[in-house]
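Colleague: Pasting in a structure now, in structure tokens, and then I'll have a few things to ask.
2 protein chains.
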Amino acid sequence: MYDELRPLFSPRSIAVIGASSSPGKWGHAMVVRPIQSAFRGPIYPINPKAKTIEGLTAYPNIRDVPGPVEMAIVTIPAPMVPDAVRDCAAKGVKAMVVISAGFAETGVAGKALQDEMVDIARSANIRLMGPNGMGIYTSEVRLNTAFDFMPQPGGISFVSQSGTMGAYLLGIASDKGYGFNAFLSVGNQADLSMADYIEYLGEDERTRVIVLYIEGLKDGNRFLKNARNVTRKKPIIVYKSGQGEDGARATMSHTASIAGSDATFDAVCRQAGIIRTYDVSHAFDIAEALSKQPLPKGNRVGIVAGGGGMCVVSTDACNGYGLSVPELDEDAVKQLSQYLLPHASPPKNPVDLAGDPRGMTIARVAEELARHPEIDAIISEAPLWGITPQNIQERLDAAEKISRIPEKYGKPLIGLSMKRFMTGIVYELMRDRNIPFYEFPKDSARAVYGLYMYAGLRMRSESMPTLPNT
Amino acid sequence: MYDELRPLFSPRSIAVIGASSSPGKWGHAMVVRPIQSAFRGPIYPINPKAKTIEGLTAYPNIRDVPGPVEMAIVTIPAPMVPDAVRDCAAKGVKAMVVISAGFAETGVAGKALQDEMVDIARSANIRLMGPNGMGIYTSEVRLNTAFDFMPQPGGISFVSQSGTMGAYLLGIASDKGYGFNAFLSVGNQADLSMADYIEYLGEDERTRVIVLYIEGLKDGNRFLKNARNVTRKKPIIVYKSGQGEDGARATMSHTASIAGSDATFDAVCRQAGIIRTYDVSHAFDIAEALSKQPLPKGNRVGIVAGGGGMCVVSTDACNGYGLSVPELDEDAVKQLSQYLLPHASPPKNPVDLAGDPRGMTIARVAEELARHPEIDAIISEAPLWGITPQNIQERLDAAEKISRIPEKYGKPLIGLSMKRFMTGIVYELMRDRNIPFYEFPKDSARAVYGLYMYAGLRMRSESMPTLPNT
């Protein structure tokens, strides 16, 4: 499967069948977006009449393209697609992304058309994503047909059964600074299905975590088998929609998916070691931490924050997920105290910096916590606020010191910061050193819990517990 | 209590005792922030040596100020504060905000100093907030001593036992577009306590919703009595920290508050009609809706969104809170269909616009849902994306039409939008017409549920259920 899907994730050249010069049309966006995302290979617009589209030479048929074409993106009306697949076969295309709608989702005739399309593709060894999807983003070759923005690069690969919802969620996650390797809007899954994508992504070294948005499972047994293999190597996190009665009905109306019994789906997740979330945003919060941080060996969290309130709320949040924030022994308290201002409370954990503005205080306390044998993970407020020309070098040094902790001690470190401070070179240093950031204490605690859940699966081969719906 | 606290919320003039010219000091921020927030009255810096501070004439003692002073903000060292209160008494000051730390939170001697300070203030009829707080924001007179930014104006008044955490939370909520009337960092509550603040805010017409961050209750019986009175008029939403074992310990270390039994606090909330949230961010999400929208008469939600995935996830989120998304009858479906594109699915509710980019389609569908007798509340994706010079008038008309729905039909309408689109005149029109916005379907569903919870209290005098921790 890995070799078969390489042309989808890393095409050296693409053609857009149905390319258009009219802004607002899919065929236009499919040409413009790859140009804007700086796709690494040639882009060939295919249009029976146009000479050029957006400055690129257009060809009447993909067979007329002078060079080789590895992937074709298709936006022409459904009845014309089978012929386009024949043309692609003749040209030696390896992968197709069919955006066009009007197939199985419309009824029996559409289903027949879809089957015909798939038959032609398969007999020509073309693997096909779609139809009725929103396209692909793959950071490896900077190919973006799915968004009018470029996601933050990173280790999360996101496969979505809903194109618009997928794009919406990835947009918000990218705004939060989470990093993505790939996005696939899989549409009707006529040829390639979720089971195939996770098999590929399991072997893909650029993918560190897989997130799935699922409305209904196809080929459940193969999905379960593949998922079980993949979760031994890397985490899979799933949000399944259509949970409630009204939601299941809405799912049917949307993608004709049968939501299926929620309990059955839960059992599949447990058996396959999949982390299931009941809140769609939680999937990405956890994925971000899993894509960037080492796994903890236990559930004991050390917390350092600039104020007492943040300490208390973070501690509550950890307790809420069954994580402990253990009181440290006298030796450790003495050791930590030397870094704190005189008026600070005894740093028993959580460690309240009592308004100390120095970045290096955070760094020293966080490192001391990491060194302590009874601490498995650290939540640390980040030294991102109140940066001035006078203190920026101190902050950079502190950020560097904090960012080295996970590798040095083999323990995860999660950053806490208001989004508005996540800008500038101190933030960028920590981001590039793989520190994940969250605004709310509860999100940080959930991130630690996500790491802990997956660590449990890895260490003890347990079945995967469901993430609490909190 | 209302008249006594007016000088705190609406002072005509302020003095800063301990004003400083040195950036980084509290006494500097307390002068600069009110200047930057365009406080509506005179600001008098008090400093024994300086002639001017930040361009304002400074006075050696508050008694030397030529005009009347209604409120004094105090940042001098604790041992000097009692004398400052005597000076304030002589000057006829009505309210004091004591920022200085070093009182009861430090031990027995500090407690004695605090008692002395309060005795002097009370015998001079001065009401005192603090000590050991972070200050005040009150939009009525544009007085801001608490933040280095100006919050969005609105109907939420937020009283916090933690200064830094309070400022952090309000900052994030303000970034989300939520609107605030006031913020109080109450510190040690030496004179005025939570019970007093809620009594005042209950009568304050500018306050539509009260949010409290509590670590431990003082004067529980009076708090309960006052809260019960207030919640008949307007909602009170509480986040209580120190829930778990480690959190309760951290609370003790932070503000010497005894977190108390969580079950007892729960009982207080139920009896008083307070909405308790277990996630600190949920308190603001709900408050924003309650401050802007009418109450629903039932739990039936109509949903309109641009894509099927958003419809399904929103429906799931509603079901998760026990809200129903009822399937509409054939007449309604027929009525709604005429507004939709030909390829859209039958709009049984949720209504999937199938990518229709016209703002007016959203507006017509939302209004039709509001008109339907079996719908009590509407969640609507907002027409904020893809705005161009060509379609902006259409979007403005649609936004206007959508924004009129709540008043016209007496049903709440909740907006869904990515934060990145919440900018520009279409957004501003809807914001100024009191439409609350949320990024995630679950946040919107929770907002409807918060309205529904409070409606239940108002309509049936029920005891208030706890918001599910989801």
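Chains as they are written, first to last, in the numbering used here: chain A, 698 to 1167; chain B, 698 to 1167. Built from N, CA and C at the ideal position, the CB exists for glycine as well.
#1: Please confirm whether residue 1033(B) and residue 1065(B) have their CB atoms less than 7 Å apart.
#2: Report yes or no: is there a C-beta of chain A within less than 7 Å of the C-beta of residue 1147(B)?
#3: Would you say residue 829(B) lies against chain A (beta-carbon separation less than 7 Å)?
#4: Between the region 842-852 of chain A and the region 984-993 of chain B, can you find at least three pairs of beta-carbon atoms closer than 8 Å?
#5: Output the distance between the C-alpha atoms of residue 809(A) and residue 789(A), rounded to the nearest integer angstrom.
#6: Rounded to whole angstroms, how far is the Cβ of residue 885(A) from the Cβ of residue 802(A), which I believe are closer than 8 Å?
#7: Grab the span of the beta strand (DSSP E) containing residue 851(B) for me, first residue to last.
#8: In its own chain, which residues sit with a C-beta less than 8 Å from the C-beta of residue 927(B), not counting the 5 before and 5 after it?
#9: In whole angstroms, what is the alpha-carbon distance linking residue 1103(A) and residue 983(A)?
#10: The beta strand (DSSP E) that contains residue 928(B), what's its start and end?
#11: Quick check on DSSP: helix, strand or coil for residue 847(A)?
#12: Beta-carbon of residue 1044(B) versus every beta-carbon of chain A: anything under 7 Å?
#13: To the nearest angstrom, how far is it from the Cα of residue 1141(B) to the Cα of residue 890(A)?
#14: Can you give the beta carbon distance from residue 825(A) to residue 777(A), rounded, assuming they're within the 8 Å contact cut?
#15: I want to see whether chain A comes within less than 7 Å of residue 1008(B), judged by CB atoms only; does it?
#16: Assuming residue 1134(A) contacts residue 1114(A) under a Cβ cut-off of 8 Å, what Cβ separation, rounded to an integer in Å, is found between them?
#17: Taking the C-alpha atoms as reference points, what is the distance between residue 698(A) and residue 923(A)?
#18: Contact criterion: CB-CB distance below 7 Å. Does residue 1137(A) meet it with respect to chain B?
#19: Residue 977(A) to residue 936(A), Cα distance in whole Å?
#20: Near residue 861(B), what residues of its chain come up, given a Cβ to Cβ distance below 8 Å and the 5 sequence neighbours on each side ignored?
#21: Determine whether the beta carbon atoms of residue 1002(A) and residue 1047(B) lie at a separation below 7 Å.
#22: Decide if residue 883(A) is buried, meaning its Cβ has at least 16 other Cβ atoms within 10 Å, or exposed.
#23: Got a sec, what are the start and stop residues for the alpha helix (DSSP H) residue 865(B) sits in?
#24: For the region 716-732 of chain B, list every residue whose C-beta sits within 8 Å of some C-beta in chain A, in sequence order.
#25: Using only CA atoms, which one of 1100(A), 1108(A), 813(A) lies nearest to residue 1127(A)?
#26: Assuming contact is defined by CB atoms lying nearer than 7 Å, are residue 887(A) and residue 919(A) in contact in what I supplied?
#27: Which value, in whole angstroms, describes the spacing of the CA atoms of residue 767(A) and residue 939(B)?
#28: Check whether the region 703-721 of chain B touches the region 756-774 of chain B, counting contact only when three or more Cβ pairs, one atom from each stretch, lie closer than 8 Å.
#29: What three-state label does DSSP hand residue 937(B) in the structure shown?
#30: Applying a beta-carbon distance threshold of less than 9 Å, which residues of chain B neighbour residue 1049(A)?
#31: Among the residues of its own chain, which have a CB less than 7 Å from the CB of residue 725(B), if the five just before and after it don't count?
#32: In chain order, what residues of the same chain lie with their CB nearer than 6 Å to the CB of residue 909(B), ignoring the 5 residues before and after it?
#33: If we count the other Cβ atoms within 10 Å of its Cβ and call it buried at 16 or more, is residue 764(B) buried or exposed?
#34: Within its chain, find whatever has a CB closer than 6 Å to the CB of residue 880(B); leave out the 5 residues flanking it on each side and keep chain order.
#35: What residue does the alpha helix (DSSP H) around residue 961(A) start on, and which one ends it?
#36: Using C-beta distances below 7 Å, list every residue in its chain close to residue 969(A), excluding the 5 sequence neighbours before and after it, in chain order.
Modeller: So, from the data block:
#1: yes
#2: no
#3: no
#4: no
#5: 25 Å
#6: 6 Å
#7: 850-857
#8: 895, 896, 898, 899, 907, 933
#9: 17 Å
#10: Unbroken run through residue 928(B) is the alpha helix (DSSP H), 917-930; no beta strand (DSSP E).
#11: coil
#12: no
#13: 32 Å
#14: Not quite, the Cβ-Cβ distance comes to about 15 Å (not below 8 Å), so this is no contact.
#15: yes
#16: 5 Å
#17: 11 Å
#18: yes
#19: 6 Å
#20: 831
#21: no
#22: buried
#23: 860-872
#24: none
#25: 1100(A)
#26: no
#27: 59 Å
#28: yes
#29: strand
#30: 947, 950, 951
#31: 717, 718, 719
#32: 856, 935
#33: exposed
#34: 834, 843, 855, 867
#35: 959-969
#36: 921, 924, 925, 928
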